[in-house]
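Asks: This structure is in structure tokens; I'll ask about it shortly.
Protein chains in written order, with our numbering: chain A, 1 to 649; chain B, 1 to 598.
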């Protein structure tokens, strides 16, 4: 087999860019790395397959598989020397069921160090565990094979009789002791499909009555198709060619090899089985030494008569009939055909997933934005996040624009806020915290807490298809709030605040009213400050509906009472809030791994985030969900497609 | 024929359908849930109606070639009928369709999918009652159509005979298959068993116990009859007819035990109940799969809803201290209630003591006319009265108000998020709002009943811990006796003097008004004081004993326990439940298993 074509194709697969990525970073990617981003497992599988084809040198190992108590171990035993047979657990008893993979190799392979090493490596590669030697002591060997807890550790054993038969056998455990008909649900089936990778052929052992059962088809699907040998066990009083025709009916094709063994415990066995069967005749073994005798069934009824079956048709001669080189070539061809279809599939997946992914990412971002917006709302209305800096800006403006008598009055109060802002002055905070009952703190919802954000993120992740519980989100939530409290510095320009403050003073011309305003102001702002300081464990964020902010500022009657100034004030506050929402979204998007641009539906209203972009590469979106915004480069995909087509099928 | 269980099953299917449809035609979860409902309804109807056969039905189930049809033939006495059965495993002989053997055909016999072998009652083995037999194809048939028929056949009979080969005891497929028929009576038969002397293959006790345990764990609510072990007929040295006879005998005995003297209508009951449970679980699983975000949002809310009544009760009952004070006051007022009115002045003293509780020290001063003491005592009286009134009111309606207020607070903050999650599960765009009513809210149903129970239990507990009417009467009697035995003497003397003087006037022996008693007020006051003092002492002793710490503590504990008990009871009986006014959200709750199926 010429592998140049394959090598070329593989290089293209690794190097020719087929995808243009815009997010998480702008770059172009070749098919394999792109696939690796979308589906790491699929990419690894492809690499493994390519490696397997390239360094292909299958051993003439034949797997022996079948349903529970179909007679797999008995068939293996028939191949082995008399000395080795007791090392195989046989029988229906629960404690004698085989639950491990055992590789039986000809003794001569044991001497060939290179071959042995290769075998062991192959086994270890596919099973993920180094093989364990099978004990020579029969009871210990049986114990090893009947252990239920170590199916992934294969066993390895040697037998001289296999030298003579020219065959290596892999004894597979049954798959029907565990529920599930797919590799994903059934661990045994999963192991079986791994064993498939290095076997050249398979002997499927079936009871006569189960030819039509679904199990056979399931097992056959997970094993190499190149060489399949059917061994039918427990045949009663029935003509062999009829059994064969039943099998043909079931398979929908002529099996390459079909062997059959009569049920030797049944009445009249001696008359049905071929004359050459060692179980019958004068020197027959005792009952416990008996093993089913398989012989090849031919479609011609007469050829299956007991006296017509020759030793050449015994299953024990199978090794002689399977030429290792033919086995190898057929298996390699099968592997290349499989790789070809997998490569085609990979391209299809790549196209589908880049489209699908864009949609998913956009939806995820939009939903995250909505949820961020929800965090800034109370009873349907947006709230503004007030921190100490904003408070001080408001207080400064009020003081600046105040008539002189109030300017003096407000002076110490402004100083107090300034002190409060200085984080080192814990004492003042402590005092405020203790004094808090004296000021009636405004009742804010304060939704920006870690637990609240965790819950929101959990709901968001569930809404886009992968549930992640609130506790898992905790580090992310902490990080987001931390960053937001440190980096969120949205405030209005000095003159914007001043304008409002000015209007406020003008609105209340009388001295008494002004005094009342100042009194309300001082009490309200101090209370608010203390409430913010009180969230010491939190992040100093306090959300407040506009009306509540107004009442804190001593304005009763809502915005309407302020007339034109009120509308101005409201629009300024909205501007502030929208920027805050965008910033919060930007920080969250960076952290959880979605693009930070404000989603299209909201972009007209909300400004772009104004915090630095710090995308977290280990985030849920980038790492776990493998989200990206990418575009396929169709011409390059077409090039690879045509090269795949050129591979032989 | 319509048993309450069947009606409950149908209603559950209807309800699940209603709620699935409520979530809109575009919700991806509704097709699977609707399918589940259809299958469940069919299954229940099939089970309950028993295909119109007014007799017990026995189905033979199990993997392919386990000997089901051979077992069926054991119950057929007539050779001709037996010959009609298909025994064997090759394509020509295996059972392809469910086959009925019964004296009358089942309703709606589907010729393409079912076979029917008519037979007279006398042609079946006599079990002591009429019965029909259903022979089912193997559960592991390669053809999907056939194995589908095998699954559907599970709903067709009240008793299942499970045939399984010795070699296949440990396979998993029969276990998953049979789990769908939990609740039905099961007769397990192990077939093709090698003789006990076979060194490798004989059935060990260990294997048998393991098998029976597996059965039990997959069919927790089924009545599982003792396992029948049947030998392998074809094996060398086997006595075929002996094996068959023995098995027939055992089978007849088990079936008779399972079915005799049980009315046909009740046979399907346990299976229906198990089916209903499984259906609810299944719907819940599907809902969780298709409403992940809603589930995530509802979970914490539901947890709080669950704790809500208890928390409200704790709020209402207040701190240990106030509760103890209130309990004491209530204990005293019960004592007052139980004291007959004519026990003067015992009852009067008792009611005054109740009023001025907490100001007893100032009472003598107040009585002596100290204005300040009068004022403070009066204010204590007012405070006591008000507190008692408030507590009584709380006991009457407080729980309800508390719960409603808490509910509102809890729900309003989460509603937006819940709606957002539902919208994302229903894949609605950001601008389409789910069709909420003006304002969703949550209602706790059964509050009035809870309130009534709470009030009642409060009364009962206080009544129980206070003096009984008889004790109160005796106590009153004793108090009055003390009082009157002391005050009675000067009073009697006074009256005697008065009548003596009157007699003198009437008989004109003397006409002076001076012989009438006069200036006796101070004497009477002294006597009254002397009489009141020991009575008050008794009163104090009695009240102190009544409101002793141990007693009030016991009251409080009982009170808390009683409330907890009411809440748990009412919740489990479905009297106390929360309901969301927004129908879509309420549907989600129910599908996700948070609500209560009606």
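Backbone N, C-alpha and C define an ideal beta-carbon position, used for all residues, glycine too.
Because the structure is a prediction, the values reported are computed rather than measured.
Residues in the same chain with beta-carbon distance under 8 Å from residue 463 of chain B, minus the five sequence neighbours each way, listed in chain order, please.
Replies: Indexing the second chain from 1 puts residue 463 of chain B at position 463. These residues qualify, in order along the chain: 334.
Asks: Let me make sure I understand the geometry here. Which of A:579, A:221, A:641 and A:310 has the alpha-carbon closest to that of residue 603 of chain A?
Replies: To locate residue 603 of chain A, count along the first chain from 1; it is residue 603. Answer by Cα proximity: A:579.
Asks: Does the CB of residue 229 of chain A have a neighbour CB from chain B at under 8 Å?
Replies: As a first step, residue 229 of chain A must be located in the first chain, where it is residue number 229. So no, residue 229 of chain A is outside the interface.
Asks: Name the chain B residues that come within less than 8 Å of residue 213 of chain A, Cβ to Cβ?
Replies: Here residue 213 of chain A refers to the residue found at position 213 of the first chain. What residue 213 of chain A touches in chain B: 63, 64, 138, 140, 141 and 142.
Asks: Check each candidate in A:165, A:300, A:595 and A:101 and name the one with the smallest Cα separation from residue 155 of chain A.
Replies: Counting from 1 along the first chain, the entry for residue 155 of chain A is found at position 155. Of the listed residues, the one whose Cα sits closest to residue 155 of chain A is A:101.
Asks: Counting only runs of 3+ residues fully inside the region 447-514 of chain B, write out the beta strand (DSSP E) ranges in chain order.
Replies: Listed in chain order, there is nothing to give.
Asks: Between which residues of its own chain and residue 598 of chain A is the CB-CB distance below 8 Å, once the five residues before and five after are set aside?
Replies: Against the first chain, residue 598 of chain A aligns to sequence position 598. The answer, listed in chain order, is 369, 582, 585, 606, 607, 608 and 609.
Asks: Measure the alpha-carbon distance for residue 591 of chain B versus residue 283 of chain B and round it to whole angstroms.
Replies: Residue numbering aside, residue 591 of chain B sits at position 591 when the second chain is read from its first letter. Residue numbering aside, residue 283 of chain B sits at position 283 when the second chain is read from its first letter. Rounded to the nearest angstrom, the two C-alpha atoms are 6 Å apart.
Asks: What residues of chain A sit near residue 26 of chain B, judged by a beta carbon separation below 8 Å?
Replies: The residue you call residue 26 of chain B lines up with position 26 of the second chain. Those within 8 Å of residue 26 of chain B in chain A number zero; the least Cβ separation is about 15 Å.
Asks: What residue range does the alpha helix (DSSP H) around residue 569 of chain B cover?
Replies: Position 569 of the second chain, counted from the start, is the residue given in the question as residue 569 of chain B. Where residue 569 of chain B is concerned, the enclosing alpha helix (DSSP H) stretches over 549-572.
Asks: What are the uninterrupted segments assigned as beta strand (DSSP E) that are 3 or more residues long and contained completely in the region 346-386 of chain A, given in chain order?
Replies: Whole beta strand (DSSP E) segments, 3+ residues: 381-386.
Asks: Ends of the beta strand (DSSP E) at residue 233 of chain A?
Replies: Counting from 1 along the first chain, the entry for residue 233 of chain A is found at position 233. Residue 233 of chain A -> beta strand (DSSP E) spans 228-235.
Asks: Thinking residue 55 of chain B and residue 264 of chain B are a contact (beta carbons under 8 Å), I'd like their distance in whole angstroms, please.
Replies: As a working note, residue 55 of chain B is residue 55 in the second chain. As a working note, residue 264 of chain B is residue 264 in the second chain. With 8 Å as the limit, residue 55 of chain B and residue 264 of chain B qualify as a contact, their Cβ atoms being about 6 Å apart.
Asks: Can you tell me where the alpha helix (DSSP H) with residue 578 of chain B in it begins and where it stops?
Replies: Position 578 of the second chain, counting from 1, holds the residue named residue 578 of chain B. Note, residue 578 of chain B: premise wrong, no alpha helix (DSSP H); beta strand (DSSP E) at 577-580.
Asks: Only counting the same chain, and skipping five residues up and downstream in sequence, which positions put a Cβ closer than 8 Å to that of residue 461 of chain B?
Replies: Within the second chain, the letter at position 461 stands for residue 461 of chain B. So the list reads 555, 558, 559 and 562, once near-sequence residues are dropped.
Asks: Beta-carbon of residue 173 of chain B versus every beta-carbon of chain A: anything under 8 Å?
Replies: Here residue 173 of chain B is taken as the residue at index 173 of the second chain, counted from 1. So, interface residue.
Asks: I'd like to know whether the C-beta of residue 204 of chain A is nearer than 8 Å to at least one C-beta of chain B.
Replies: By 1-based counting over the first chain, the position of residue 204 of chain A is 204. Answer no: the Cβ-Cβ gap between residue 204 of chain A and chain B never drops below 8 Å.
Asks: Rounded to whole angstroms, what is the Cα-Cα separation between residue 503 of chain A and residue 377 of chain A?
Replies: As a first step, residue 503 of chain A is located in the first chain; it is residue number 503 there, counting from the start. As a first step, residue 377 of chain A is located in the first chain; it is residue number 377 there, counting from the start. One C-alpha to the other measures close to 27 Å.
Asks: Whole angstroms is fine: what's the gap from residue 306 of chain A's alpha carbon to residue 43 of chain A's?
Replies: Residue numbering aside, residue 306 of chain A sits at position 306 when the first chain is read from its first letter. Residue numbering aside, residue 43 of chain A sits at position 43 when the first chain is read from its first letter. Between residue 306 of chain A and residue 43 of chain A, the C-alpha separation is close to 54 Å.
Asks: Name, going along the chain, the residues of the region 66-99 of chain A whose beta-carbon falls closer than 9 Å to a beta-carbon of chain B.
Replies: Of all residues in the region 66-99 of chain A, 67, 68, 69, 70, 90, 91, 92, 93, 94, 95, 96 and 97 have a Cβ within less than 9 Å of some Cβ in chain B.
Asks: Run through chain E and tell me which residues come within less than 7 Å of residue 367 of chain A, C-beta to C-beta.
Replies: Reference to chain E is not applicable here, since the protein chains of this structure are A and B.
Asks: When the Cα atoms are used, what is the spatial distance from residue 298 of chain A to residue 166 of chain A?
Replies: In the first chain, the residue the question calls residue 298 of chain A occupies position 298. In the first chain, the residue the question calls residue 166 of chain A occupies position 166. Looking at the two C-alpha atoms, the distance is approximately 24 Å.
Asks: Would you be able to state if there are at least three C-beta pairs under 8 Å between the region 200-211 of chain A and the region 222-232 of chain A?
Replies: Segments in contact, yes.
Asks: Give the range of the beta strand (DSSP E) segment to which residue 491 of chain A is assigned.
Replies: Position 491 of the first chain holds residue 491 of chain A. That residue, residue 491 of chain A, is in no beta strand (DSSP E); it is neither H nor E in DSSP.
Asks: Determine the burial state of residue 112 of chain A: buried for a count of at least 16 other Cβ atoms within 10 Å of its Cβ, exposed for fewer.
Replies: Translated into the one-based positions of the first chain, residue 112 of chain A becomes position 112. Burial call: exposed.
Asks: What are the partner residues of residue 586 of chain B, as DSSP defines its beta bridges?
Replies: Counting from 1 along the second chain, the entry for residue 586 of chain B is found at position 586. Its beta-bridge partners do not exist; DSSP assigns none.
Asks: By the 10 Å Cβ neighbour count, where 16 or more other Cβ atoms means buried, how is residue 445 of chain A classified, buried or exposed?
Replies: For the purposes of this step, residue 445 of chain A is taken as the residue at position 445 of the first chain. Here the model assigns residue 445 of chain A a pLDDT of 43, short of 50, so the residue's position is not dependable and the matter cannot be decided.
Asks: What number of angstroms, rounded off, separates the C-alpha of residue 344 of chain B from the C-alpha of residue 444 of chain B?
Replies: Counting from 1 along the second chain, the entry for residue 344 of chain B is found at position 344. Counting from 1 along the second chain, the entry for residue 444 of chain B is found at position 444. Roughly 49 Å between the two C-alpha positions.
Asks: Who are the neighbours of residue 139 of chain A on chain B, taking C-beta pairs under 7 Å?
Replies: Your numbering for residue 139 of chain A matches position 139 in the first chain. Chain B residues near residue 139 of chain A: none, gap ~15 Å exceeds 7 Å.
Asks: Is DSSP giving residue 101 of chain B helix, strand or coil here?
Replies: Numbered from its first residue, the second chain carries residue 101 of chain B at position 101. Note: residue 101 of chain B maps to strand in three-state DSSP.
Asks: Specify the secondary structure class of residue 22 of chain A as computed by DSSP and reduced to three states.
Replies: Taking the first residue of the first chain as position 1, residue 22 of chain A is located at position 22. Of the three classes helix, strand and coil, the one that applies to residue 22 of chain A here is strand, per DSSP.
Asks: Is DSSP giving residue 185 of chain A helix, strand or coil here?
Replies: As a first step, residue 185 of chain A is located in the first chain; it is residue number 185 there, counting from the start. Correct three-state label for residue 185 of chain A: coil.
Asks: Can you list, in chain order, the residues of its chain whose CB lies under 8 Å from that of residue 577 of chain B, leaving out five sequence neighbours each side?
Replies: Numbered from 1 along the second chain, position 577 holds the residue referred to as residue 577 of chain B. Here the set comprises 444, 445, 446, 571, 595 and 596.
Asks: Taking C-beta pairs closer than 9 Å, name the residues in chain A that residue 163 of chain B reaches, listed in chain order.
Replies: Here residue 163 of chain B refers to the residue found at position 163 of the second chain. By Cβ distance, chain A contributes nothing, its closest Cβ being about 13 Å from residue 163 of chain B, past 9 Å.
Asks: Show which residues of chain B have a CB atom less than 8 Å away from the CB atom of residue 371 of chain A.
Replies: For the purposes of this step, residue 371 of chain A is taken as the residue at position 371 of the first chain. Within chain B, the residues near residue 371 of chain A are 417 and 420.
Asks: Quick check on this structure: which residue in B:342, B:379, B:537 and B:47 has the alpha carbon closest to the alpha carbon of residue 358 of chain B?
Replies: Residue mapping note: residue 358 of chain B aligns to position 358 of the second chain, counting from 1. Comparing Cα positions, the closest option is B:379.
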